[in-house]
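Student: Quick one: this structure, given as C-alpha coordinates, is what I'll be asking you about.
Residue numbers (the working numbering): 253 to 344.
As C-alpha coordinates, then:
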(Lines of atoms letter the chains of each structure in order from A; the text may use other names.)
(Lines give C-alpha, C1' and ligand atoms only; values in the text may rest on other atoms or scores of the structure.)
Protein backbone atom coordinates (compact mmCIF):
# COMPACT_ATOMS: atom_id res chain seq x y z
CA UNK A 253 0.00 0.00 0.00
CA UNK A 254 2.85 2.37 0.86
CA UNK A 255 4.51 1.79 -2.51
CA UNK A 256 1.29 2.43 -4.41
CA UNK A 257 0.67 5.65 -2.46
CA UNK A 258 4.25 6.75 -3.16
CA UNK A 259 3.83 6.07 -6.87
CA UNK A 260 0.58 8.04 -6.95
CA UNK A 261 2.19 10.93 -5.07
CA UNK A 262 5.15 10.98 -7.47
CA UNK A 263 2.84 10.95 -10.47
CA UNK A 264 0.81 13.83 -9.06
CA UNK A 265 3.97 15.83 -8.35
CA UNK A 266 5.21 15.30 -11.91
CA UNK A 267 1.80 16.33 -13.23
CA UNK A 268 1.99 19.53 -11.19
CA UNK A 269 5.52 20.15 -12.50
CA UNK A 270 4.40 19.74 -16.12
CA UNK A 271 1.31 21.90 -15.58
CA UNK A 272 3.39 24.67 -13.99
CA UNK A 273 5.91 24.54 -16.81
CA UNK A 274 3.17 24.72 -19.44
CA UNK A 275 1.47 27.56 -17.59
CA UNK A 276 4.71 29.56 -17.52
CA UNK A 277 5.36 29.02 -21.21
CA UNK A 278 1.74 29.87 -22.06
CA UNK A 279 2.11 33.14 -20.14
CA UNK A 280 5.18 33.91 -22.25
CA UNK A 281 3.06 33.60 -25.41
CA UNK A 282 3.84 30.07 -26.59
CA UNK A 283 1.14 27.72 -27.85
CA UNK A 284 1.11 24.77 -25.44
CA UNK A 285 -2.07 23.11 -26.74
CA UNK A 286 -0.08 20.15 -28.15
CA UNK A 287 2.45 19.99 -25.33
CA UNK A 288 6.18 20.60 -25.56
CA UNK A 289 7.96 18.97 -28.50
CA UNK A 290 11.61 18.71 -27.54
CA UNK A 291 12.44 16.66 -30.66
CA UNK A 292 11.94 19.75 -32.83
CA UNK A 293 11.75 22.68 -30.41
CA UNK A 294 11.00 26.24 -31.39
CA UNK A 295 14.34 28.10 -31.03
CA UNK A 296 12.61 30.91 -29.14
CA UNK A 297 11.27 28.52 -26.50
CA UNK A 298 14.76 27.27 -25.59
CA UNK A 299 15.47 30.56 -23.85
CA UNK A 300 12.54 30.04 -21.46
CA UNK A 301 12.91 26.30 -20.75
CA UNK A 302 15.17 26.56 -17.67
CA UNK A 303 13.02 29.19 -15.98
CA UNK A 304 9.83 27.31 -16.88
CA UNK A 305 11.26 24.18 -15.27
CA UNK A 306 12.03 26.13 -12.09
CA UNK A 307 8.49 27.50 -12.12
CA UNK A 308 7.12 23.95 -12.49
CA UNK A 309 9.30 22.65 -9.65
CA UNK A 310 8.03 25.48 -7.44
CA UNK A 311 4.45 24.40 -8.14
CA UNK A 312 5.29 20.76 -7.41
CA UNK A 313 6.92 21.67 -4.08
CA UNK A 314 3.94 23.78 -3.07
CA UNK A 315 1.65 20.86 -3.91
CA UNK A 316 3.86 18.45 -1.93
CA UNK A 317 3.87 20.87 1.01
CA UNK A 318 0.07 20.93 1.10
CA UNK A 319 -0.05 17.14 0.85
CA UNK A 320 2.41 16.88 3.76
CA UNK A 321 0.29 19.20 5.90
CA UNK A 322 -2.84 17.17 5.09
CA UNK A 323 -1.02 13.90 5.90
CA UNK A 324 0.21 15.35 9.19
CA UNK A 325 -3.31 16.43 10.10
CA UNK A 326 -4.73 12.98 9.25
CA UNK A 327 -2.00 11.25 11.26
CA UNK A 328 -3.32 12.80 14.47
CA UNK A 329 -6.58 10.89 14.04
CA UNK A 330 -5.09 7.50 13.24
CA UNK A 331 -5.30 4.84 15.89
CA UNK A 332 -2.39 2.57 16.76
CA UNK A 333 -3.52 -1.04 16.83
CA UNK A 334 -1.85 -3.25 19.43
CA UNK A 335 -1.90 -7.02 19.01
CA UNK A 336 -3.91 -8.85 21.66
CA UNK A 337 -2.19 -11.09 24.19
CA UNK A 338 -4.09 -14.19 23.01
CA UNK A 339 -2.77 -13.85 19.48
CA UNK A 340 0.77 -13.39 20.78
CA UNK A 341 0.48 -16.58 22.88
CA UNK A 342 -0.60 -18.57 19.80
CA UNK A 343 2.42 -17.37 17.87
CA UNK A 344 4.83 -18.55 20.57
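Even glycine gets a Cβ: it sits at the ideal position worked out from N, Cα and C. Remember, predicted model here, so these are calculated numbers, not experimental data.
Where are the alpha helix (DSSP H) runs, 4 residues long or more, that stay fully inside the region 292–328, in chain order?
Tutor: List check, alpha helix (DSSP H) in window: 301–327.
Student: Would you please state the rounded distance, in angstroms, between the beta carbons of residue 273 and residue 308? I believe it to be under 8 angstroms.
Tutor: Sure, about 4 angstroms apart at Cβ, within 8 angstroms.
Student: Can you name the start and end residues of the alpha helix (DSSP H) that residue 279 belongs to?
Tutor: Per DSSP, residue 279 belongs to the alpha helix (DSSP H) from 254–279.
Student: Anyone know if the C-beta pair for residue 265 and residue 312 falls short of 8 angstroms?
Tutor: Against a cut-off of 8 angstroms, the Cβ pair of residue 312 and residue 265 comes out as a contact.
Student: Quick one: any contact between the region 272–291 and the region 299–306, if contact means 3 or more CB pairs under 8 angstroms?
Tutor: Touching, per the Cβ criterion.
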